[in-house]
Structure formats: C-alpha cells, structure tokens
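Residue numbers (my numbering): 68 to 162. Glycine is no exception: its CB is placed at the ideal position from the N, C-alpha and C atoms.
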C-alpha cells in the first residue's frame, strides 16, 4: 500500500468512495454526497488530504479540517481527522 498527497485528478474516485457512506450510513455529518468538483476544491483548500493506493488503485483517503469549539466562554480550535475506505466491489470509477 502506498500513501500520498491527493491531487485534483483523484477527486472522482474519492467522491465515489465517500458517496455510499454519506447516502447509506450515519458515519458522517454530511447529508449530501460530494461531487468530484467539491472534492477537488477540498483537496486544494485543506492542509492535509491524502489517498491510499493498493495495486495502483485508490482504496481510501484521509483528510483533516479545523473547526472552532466554544467551551465555557472561550474558543478552542480543534482538528478533525476523517478516514474513509472503499467498500469491496464498490466505488469504481472509469474503465
């Protein structure tokens, strides 16, 4: 397995991996599946967005986002780490 920085060309496969988790489970706060264009924008904006490849195919991705949490009248910045893996036999794009 190889882990590398995501590039905009990875966006369609990342969106295909993400969509079933958004539409068929409750493991994400998203209620609408991301388009490849949404994902490409996220890759460009996030400080960390990486993909895992096995045998040359993307099998998962990880990204971070920062958000503010208000705790007892003060703001504290946190980072959320999200990891998504392709379900076997799903999330195929192209060919």
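Less than 8 angstroms between C-beta atoms, sequence neighbours within five positions excluded: which residues of the same chain meet that for residue 104? 78.
Do residue 70 and residue 117 have their C-beta atoms within less than 7 angstroms of each other? Judged by their CB atoms, residue 70 and residue 117 are nearer to each other than the 7 angstroms cut-off.
Hey, residue 113 and residue 130: beta-carbon distance below 7 angstroms or not? Against a cut-off of 7 angstroms, the Cβ pair of residue 130 and residue 113 comes out as a contact.
For residue 162, three-class secondary structure by DSSP: Summary for residue 162: the model assigns pLDDT 35, below 50, so the residue's position carries little reliability; its value from the coordinates is reported in the next sentence. Assignment of residue 162 by DSSP, reduced to helix, strand and coil, places it in the coil class.
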